[in-house]
Structure formats: C-alpha cells, structure tokens
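S.K.: Just passing along the structure, written as structure tokens.
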Amino acid sequence: MRRKVVVSPSAYRDIEELAEDSAYELIVTTTGLSYAMRNGLPINYILDTCSIRSFGHKVPPMEGLPVHEWEALLLARDLNALLLTKDSKAAEEAVKLGVELMQRRT
-10 MRRKVVVSPS AYRDIEELAE DSAYELIVTT TGLSYAMRNG LPINYILDTC SIRSFGHKVP
50 PMEGLPVHEW EALLLARDLN ALLLTKDSKA AEEAVKLGVE LMQRRT
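Written out as structure tokens, the structure is:
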C-alpha cells in the first residue's frame, strides 16, 4: 500500500524526485496548485504526478502561516498522511497538531 504524502508548496521542487518512488501517493491542495500557477512553478508535472485535493472546510486563518501551507497541513491531518514542507512555521504547527512530517534531505 502506498503511503499518502501531502506536499506543501514550499516543497514542490521535491515532487519530481518523490514521484520516482512508487511507495508514495503524492497529493497537493487546490490552494497550493493556485500558488504554483501564480509563481511559475511546473504545474504540468504536478498535474501529471499528483492527486489534487481540497481541505473540506473553509481554511481558518493562521497567523504567520500562508493559507496554501496551512491547507496542506490540515489536509494531511484529515487524511492521516505525511506532510512534506520546507516551511519551518508549518512544520512547527504540524507537530503541535500531531501530523507526521516526512523527513527529506535538503
């Protein structure tokens, strides 16, 4: 069974490397995809290799954390998935909420 990994926008540059590992089902959020489009990230590759999911409720504001990072964290919690983020504030909040972080070498 493949392990679900929600990839936050701060870690989108790792998607290509992760997609080569069939042990993971990669998931990105709708706000994360919007962020990628606005910032010129390779969305075609993201669309080809990742599932697109949305957090099922309105994403409440989190001071100091962009909504696209916060949505990834909340979705990972709801799906009981790993979270891959390079945002230190998102990682800190994930630990507080009991979300398991995927450890990656930088």
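Here the sequence shown is numbered in this note's numbering, starting from -10 and rising by one per residue.
Just so you know, even glycine gets a beta-carbon here, dropped at the ideal spot from N, CA and C.
Quick caveat, the model's predicted, so the values are computed rather than measured.
Give the single residue among 84, 91, 25 whose Cα lies nearest to the Cα of residue 41.
M.R.: With distances taken between Cα atoms, residue 41 lies closest to 25.
S.K.: Within 10 Å of its beta-carbon, does residue 12 have 16 or more other beta-carbons around it, so buried, or fewer, so exposed?
M.R.: Flag for residue 12 reads exposed.
S.K.: Leaving out the 5 sequence neighbours to the left and right, which residues in its chain are closer than 8 Å to residue 84 when beta-carbon positions are compared?
M.R.: Excluding sequence neighbours, residue 84 sits near 90.
S.K.: Do you know how far the Cα of residue 65 is from the Cα of residue 3?
M.R.: Approximately 17 Å between the Cα atoms of the pair.
S.K.: According to DSSP, is residue 9 part of a helix, a strand, or is it coil?
M.R.: Residue 9: coil per DSSP, three-state reduction.
S.K.: Leaving out five residues before and five after residue 71 in sequence, what residues of the same chain have Cβ atoms less than 6 Å from its Cβ?
M.R.: Result list for residue 71: -6, 89, 91, in chain order.
S.K.: Let me make sure I understand the geometry here. Which of 5, 82, 63, 58 has the alpha-carbon closest to that of residue 36?
M.R.: When each option's Cα is compared against that of residue 36, the closest is 5.
S.K.: Roughly how many angstroms lie between the CA atoms of residue 31 and residue 38, to the nearest whole one?
M.R.: C-alpha separation (whole angstroms): 11 Å.
S.K.: Go through the stretch 24 to 62 residue by residue and report every complete run of the beta strand (DSSP E) that reaches 3 residues or more, in order.
M.R.: Entirely contained in the stretch 24 to 62, the beta strand (DSSP E) runs reaching 3 residues are, in chain order, 40 to 42.
S.K.: For residue 4, which of helix, strand or coil comes out of DSSP?
M.R.: Correct three-state label for residue 4: helix.
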